[in-house]
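Only one structure is covered here, and it is reproduced in the block below.
In the numbering used here, the protein residues as written are 190 to 477.
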């Protein structure tokens with residue numbers, strides 16, 4: 190294999206792991222809450238900026254990510270309390286929910302611009318030399334990102350398959366009314382959904398800021414690849430979203446020598462369309 194191509198694939202795996210974390214949160218909110226949340230990318234940005242804020246006080250970057258995740262979860266739970274719970278009571282249509290989520294995205298993005306400004310910023314972390322592995326130069330940050338993503342994905346799988354709350358989440362995703370009649374505390378499941386989504390989304394934003402830079406529109410540029418990953422893998426299926434994210438992440442990076450970096454989002458959407466022409470419901474069945 191050509192060394193340059195192999196390097197692009199490695200970069201794609203790193204990007205794919207970040208997209209995978211955020212895409213899992215996005216597909217969970219749709220599978221359980223039936224919410225196509227276009228503010229998801231801006232919550233990712235919020236997680237990156239909260240990490241930057243905590244890190245600016247001299248706090249270790251990994252501890253900063255944990256604190257940022259707590260802050261992002263709090264912001265998501267606040268949006269649940271003020272917006273989404275009321276919309277469910279009013280039985281708002283999916284179109285209404287999408288429009289509200291776009292408004293929430295703009296609110297978050299402009300709030301970030303107001304507080305932190307529009308320039309690119311970086312975490313205060315020591316510069317580490319890239320590792321030479323089989324002739325490839327792999328930054329340590331990319332390896333850490335991949336390790337954390339794999340760890341989070343396995344933790345999610347364990348939670349969904351082996352814990353009481355995970356089984357309750359799957360039941361609510363299948364049929365919310367039946368789950369409620371069966372004695373499942375649906376409100377508790379909804380809170381846990383936001384906690385898991387907030388944790389994964391904030392971690393994705395923090396890691397993306399670690400391998401690139403922290404900027405106000407970072408989540409906006411990721412929202413199309415995120416939705417493409419979710420649709421490609423099968424809407425509502427977290428494992429499908431992970432597979433879709435790695436496919437899109439790798440293909441985007443591999444395509445840059447021929448198409449240029451400015452067409453990455455177009456590549457993501459093209460892949461999604463081509464797969465859907467063959468498998469209209471995505472690669473996997475859309476269920477948790």
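Don't be surprised by glycine CBs; every beta carbon is placed ideally from N, CA and C.
With fewer than three CB-CB distances shorter than 8 Å, the segment 233–247 does not count as touching the segment 355–365.
Minimum Cα-Cα distance from residue 225 among the listed residues 216, 233, 389 corresponds to 216. Annotated three-state conformation of residue 322 is strand, per DSSP.
Between residue 392 and residue 278, the alpha-carbon positions lie close to 31 Å from each other. By the criterion of a C-beta distance shorter than 8 Å, residue 301 is surrounded in its chain by 231, 234, 235, 238, 405, once the five residues flanking it on both sides are discounted. Given a length threshold of 4 residues, each whole run of the alpha helix (DSSP H) inside the segment 202–265 is given here in chain order: 229–244. Here residue 310 is bridged, per DSSP, to 403.
In this structure, residue 265 and residue 408 do not form a Cβ contact; the two beta carbons are roughly 13 Å apart against a cut-off of 8 Å.
In the structure shown, the three-state DSSP call for residue 462 is helix.
Beyond the five residues adjoining it in sequence on each side, residue 268 comes within less than 8 Å, by CB distance, of 228, 293 in the same chain, given in chain order. The criterion of a C-beta distance shorter than 8 Å is satisfied by residue 395 and residue 257. In terms of Cβ geometry, residue 271 and residue 382 do not form a close pair [threshold 8 Å]. Boundaries of the alpha helix (DSSP H) harbouring residue 433: 427–448, taken from the DSSP string. For the segment 328–390, the continuous alpha helix (DSSP H) assignments of 4+ residues that do not extend past its boundaries occur at 329–351, 353–363, 365–370, in sequence order. Comparing C-alpha distances from residue 422 to each of 220, 310, 331 shows the shortest one belongs to 220.
Taken through DSSP and simplified to helix, strand or coil, residue 423 comes out as coil. Counting the other Cβ atoms within 10 Å of the Cβ of residue 347 gives fewer than 16, which makes it exposed. Ranking 359, 463, 312, 335 by CA distance to the CA of residue 420 puts 463 first. In the three-state reduction of the DSSP assignment, residue 280 falls in the coil class. Between residue 397 and residue 207, the C-beta gap is smaller than 8 Å, which places the two residues in contact. Around the beta carbon of residue 350, a 10 Å sphere encloses fewer than 16 other beta carbons of the protein chains shown; the residue is thus reported as exposed. Between residue 417 and residue 311, the gap from beta carbon to beta carbon reaches 8 Å or more. In this structure, residue 431 and residue 209 form a Cβ contact; the two beta carbons are roughly 4 Å apart against a cut-off of 8 Å. Sequence-distant Cβ neighbours of residue 313 in its own chain, meaning closer than 6 Å and more than five residues away, are 244. For residue 410, the secondary structure class from DSSP, reduced to helix, strand or coil, is helix. With a cutoff of 8 Å on beta-carbon distance, residue 334 and residue 203 are scored as near each other.
Taking every protein chain shown into account, the CB of residue 340 has fewer than 16 other CB atoms within 10 angstroms, so this residue is exposed. Burial is judged here by how many other beta carbons sit within 10 angstroms of a residue's own beta carbon; residue 474 has fewer than 16 and is exposed.
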